[in-house]
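A.B. asks: Numbering (this note's numbering), first residue to last: 225 to 507. Ideal placement from N, C-alpha and C gives every residue a C-beta, glycine not left out.
1) Please give me, in chain order, every unbroken run of the alpha helix (DSSP H) with length at least 4 that falls completely inside the segment 401 to 460.
2) Closest to residue 290 by CA distance: which of 308, 300 and 451 is it?
3) Taking the alpha-carbon of residue 297 as reference, which of 478, 494 and 470 has the nearest alpha-carbon?
4) With a CB to CB cut of under 8 Å and the five nearest residues on each side skipped, what residues in its chain are close to residue 439?
5) Which first and last residues belong to the alpha helix (DSSP H) in which residue 498 is found?
6) Report the rounded CA-to-CA distance for residue 352 versus residue 407, giving the unit in angstroms.
7) On the three-state DSSP scale, how would you describe residue 293?
8) Does the beta-carbon distance from residue 441 to residue 361 come in below 8 Å?
9) Quick check: what's the CA-CA separation for residue 375 versus residue 418?
10) Residue 505 to residue 333, Cα distance in whole Å?
11) Determine the contact status of residue 313 and residue 272, defining contact as a CB-CB distance below 8 Å.
12) Using 8 Å as the threshold, is the C-beta distance between residue 279 and residue 343 below it?
13) Could you tell me the alpha carbon to alpha carbon distance between residue 267 and residue 358, rounded to whole angstroms?
14) Alpha carbon to alpha carbon, what distance is there between residue 326 and residue 388?
15) Just confirm the distance between the C-beta atoms of residue 328 and residue 341, as a whole number of angstroms; I'd bet it's less than 8 Å.
16) Taking residue 479 as part of the alpha helix (DSSP H), name the residues at either end of that continuous run.
17) Do residue 430 and residue 401 have their CB atoms nearer than 8 Å?
18) Count the other C-beta atoms from every protein chain shown that fall within 10 angstroms of the C-beta of residue 410, then say buried if there are 16 or more, exposed otherwise.
19) What do you get for residue 390, buried or exposed, if any count of 16 or more other CB atoms within 10 angstroms of its CB means buried?
20) Once you ignore the five residues that flank residue 465 on each side, which residues in its own chain have a CB closer than 7 Å to its CB?
21) Please list, in chain order, all residues of the same chain as residue 424 whose beta carbon is under 6 Å from its beta carbon, the five residues on each side excluded.
22) Could you have a look at residue 346 and say whether DSSP puts it in helix, strand or coil?
23) In terms of residue numbering, what span does the beta strand (DSSP E) encompassing residue 276 cover?
24) Measuring alpha carbon to alpha carbon, tell me which residue in 346, 286 and 315 is nearest residue 302.
25) On the CB-based measure, 16 or more other CB atoms within 10 Å of its CB, does residue 508 come out buried or exposed?
26) Does the distance from the C-beta atom of residue 507 to that of residue 443 stay below 8 Å?
27) Under 8 Å, do residue 456 and residue 347 count as touching if we go by C-beta distance?
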């Protein structure tokens, strides 16, 4: 009998027969444990199967590692201390171009309360998202990097009170502006080598207008069992290259280029994330 092993980041907690686990997940999806509770799983029928979506970070052709010297496409050395971003509004794209919603699961393998995941490369395993969707072959995936303005039930989400929210939108995630109500969608901090010394860079990207809407094209297969895997490449270098091939925001520039939460540098980073190949499907 097929078995699915459920992991809590570092250890196996228990194993269930695949059919029993899927049945339990579909039932769990019909509950609303909080006012912001998620809708029922995609399809709300036995056709919903698990899929693991992994965000493999790289810097060009090199693996991405925190606190490790990497090189941008215009030969600037840099190292990242923090990299976190929210993923929401996940959908697969079928052969007709229609978007098929998926149900994001939390660490307990139940439908995520807000349909949002926090990918934090300082936390092992947070770059692997578990979802339920319909089996089949797809031509791509779409997603948003950010927190939607409204929750499933129409209540305020991005501009809600973080002190009342559950993970990953709680204050402990350190992704909320106390001085400007709203979430930080993407946080990348570190140092770049400028004029023969290491200078800090800090990009905290947020506000409704800076949601990154990303479409990655490529073959996606969702088998009818527990083995479904989709590997995505998150190329950090592409956050600093415009669609026209310019290098903005400038990691080797002045302080105004290297530290931003709004304005031109922030806008450039968002456009790059959407249109310069930040997230692609690994074939």
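C.D. replies: Inspection of the coordinates gives the following:
1) none
2) Reading the chain shown from its first residue, position 66 is the one you call residue 290. If we check each option's Cα against that of residue 290, 308 comes out closest.
3) As a working note, residue 297 is residue 73 in the chain shown. Residue 297 has its Cα closest to that of 470, out of 478, 494 and 470.
4) Locating residue 439 in the chain shown gives position 215, where the first residue counts as 1. Contacts found: 317, 364, 365 and 366.
5) Within the chain shown, residue 498 is the residue found at index 274, counting from 1. Counting along the chain, the alpha helix (DSSP H) containing residue 498 begins and ends at 487 to 499.
6) Translated into positions along the chain shown, residue 352 becomes position 128. Translated into positions along the chain shown, residue 407 becomes position 183. Their backbone Cα atoms lie some 22 Å apart in a straight line.
7) Numbered from its first residue, the chain shown carries residue 293 at position 69. It is coil, neither helix nor strand.
8) For the purposes of this step, residue 441 is taken as the residue at position 217 of the chain shown. For the purposes of this step, residue 361 is taken as the residue at position 137 of the chain shown. No, they are not a contact pair.
9) By one-based count along the chain shown, residue 375 stands at place 151. By one-based count along the chain shown, residue 418 stands at place 194. Rounded to the nearest angstrom, the two C-alpha atoms are 42 Å apart.
10) Stepping through the chain shown from its first residue, residue 505 is reached at position 281. Stepping through the chain shown from its first residue, residue 333 is reached at position 109. Roughly 24 Å between the two C-alpha positions.
11) As a working note, residue 313 is residue 89 in the chain shown. As a working note, residue 272 is residue 48 in the chain shown. It is not a contact, given that the beta carbons lie outside the stated cut-off.
12) Start at 1 with the first residue of the chain shown, and residue 279 comes out as number 55. Start at 1 with the first residue of the chain shown, and residue 343 comes out as number 119. Taking 8 Å as the Cβ cut-off, residue 279 and residue 343 qualify as a contacting pair.
13) Taking the chain shown and counting its residues from 1, the one referred to as residue 267 is at position 43. Taking the chain shown and counting its residues from 1, the one referred to as residue 358 is at position 134. Confidence at residue 267 is low in this model, with a pLDDT of 43, below 50, so the placement of that residue is unreliable and no value is reported for it.
14) Counting from one through the chain shown, the residue named residue 388 turns up at place 164. Counting from one through the chain shown, the residue named residue 326 turns up at place 102. In a straight line, the C-alpha of residue 388 is about 26 Å away from that of residue 326.
15) Position 104 of the chain shown, counted from the first residue, corresponds to residue 328. Position 117 of the chain shown, counted from the first residue, corresponds to residue 341. Indeed, because the Cβ distance is near 6 Å, the residues count as touching under 8 Å.
16) Taking the chain shown and counting its residues from 1, the one referred to as residue 479 is at position 255. Run containing residue 479: 479 to 482, per the alpha helix (DSSP H) assignment.
17) Sequence index remark: in the chain shown, residue 430 carries index 206 (1-based). Sequence index remark: in the chain shown, residue 401 carries index 177 (1-based). Against a cut-off of 8 Å, the Cβ pair of residue 401 and residue 430 comes out as a contact.
18) Start at 1 with the first residue of the chain shown, and residue 410 comes out as number 186. By the neighbour-count rule (16 or more Cβ atoms within 10 Å), residue 410 is buried.
19) One-based indexing of the chain shown puts residue 390 at position 166. Per the 10 Å Cβ criterion, exposed.
20) Translated into the one-based positions of the chain shown, residue 465 becomes position 241. Here the set comprises 297, 471, 496 and 500.
21) Position 200 of the chain shown, counted from the first residue, corresponds to residue 424. Only 415 meet the Cβ criterion.
22) For the purposes of this step, residue 346 is taken as residue 122 along the chain shown, with counting starting at 1. Here residue 346 sits in coil by DSSP.
23) Residue mapping note: residue 276 aligns to position 52 of the chain shown, counting from 1. From DSSP, the beta strand (DSSP E) with residue 276 extends over 272 to 283.
24) On the chain shown, position 78 is the one that residue 302 refers to. That would be 286, whose Cα lies nearest to the Cα of residue 302.
25) No information on residue 508 is available, as it lies outside the stretch 225 to 507 that the chain covers here.
26) Position 283 of the chain shown holds residue 507. Position 219 of the chain shown holds residue 443. Their beta carbons are under 8 Å apart, which means residue 507 touches residue 443 by this criterion.
27) For the purposes of this step, residue 456 is taken as residue 232 along the chain shown, with counting starting at 1. For the purposes of this step, residue 347 is taken as residue 123 along the chain shown, with counting starting at 1. No. Outside cutoff.
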